[in-house]
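Q: Quick one: this structure, given as structure tokens, is what I'll be asking you about.
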Amino acid sequence: ILAPEYPRPPKVDSLPENERTKTLGDSPEFKEMEREVIEHLRKNEDLLNREPPLPSMKDPIDLTRLQDKAAEKVVERLLGVKEKSSQEKPLEENILLGIKGPLSTRKILERPNPPTIKVRVEAEVELTLYVLPNGMVDRVIPTVKGDAELERVAIQYIRQWRFVPLPKDQPQVEQWGTIPIKFRLQ
């Protein structure tokens, strides 16, 4: 049988440990392995230490200017929203009803007739209402408390109101307003 002959390392079992290490370190096999490991590490080190690609110098980009533009746009949008809302004036109907707050600029689409209930004393309940972007009254909270039954009737009444939906170009946010509801003797 023909089998290839591989060089066999010298027997080192009988040698002391420091000589064994030196003998193995000096062997051609170990030197070849060491060379391959060093070459491999150099390749990987080159990959890690590479400089990032530089942008073309034909048309240099000023990154600080880009960041400034982005900041300017954000500020412009924020100021634009503020200016729009401050330019809108409260509607005459809302002023007459006593509506205050951002909701005073929003037109009322549907306002049913006030409920008729028997009251023993004239009273006024102030309510804070929150209206969704679609014009529906979301929630109503008594601001100035009074008689619990009158508050309940006033809240039910206000929940039936409908406002004009916010335009699509405006931020779709909930708006609030306060309104006094007066109960008079009849």
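Counting from 1 along the sequence shown, just add 52 to a position and that's the residue number in the working numbering. Idealized CB from N, CA, C, for every residue including glycine.
1. What number of angstroms, rounded off, separates the C-alpha of tryptophan 228 from the C-alpha of leucine 155?
2. By Cβ distance below 8 Å, which residues in the same chain neighbour lysine 136 in space, the five residues on each side in sequence not counted?
3. At which residues does the alpha helix (DSSP H) containing glutamine 208 begin and terminate?
4. Count the other C-beta atoms from every protein chain shown that fall within 10 angstroms of the C-beta of valine 216, then say buried if there are 16 or more, exposed otherwise.
5. Looking at the unbroken beta strand (DSSP E) that takes in leucine 76, where does it start and where does it end?
6. Could you tell me whether the region 182-198 touches the region 141-151, where touching means 3 or more Cβ pairs closer than 8 Å?
7. Have a look at the DSSP bridge pairing and note the partners of threonine 157.
8. Could you check what DSSP says for aspartate 120 in three-state terms: helix, strand or coil?
9. Where does leucine 127 sit, in a helix, a strand or coil, going by DSSP?
A: Quick look at the numbers:
1. 5 Å
2. Interpretation of lysine 136 is limited by its pLDDT of 49, a score under 50 that renders its predicted location unreliable; no figure is taken from the coordinates.
3. 200-211
4. exposed
5. From DSSP, leucine 76 is part of no beta strand (DSSP E) but of the alpha helix (DSSP H) over 69-78.
6. no
7. Beta-bridge pairing links threonine 157 to no other residue.
8. helix
9. Reading the sequence as shown, one finds valine at residue 127 and not leucine. Three-state DSSP puts valine 127 in a helix.
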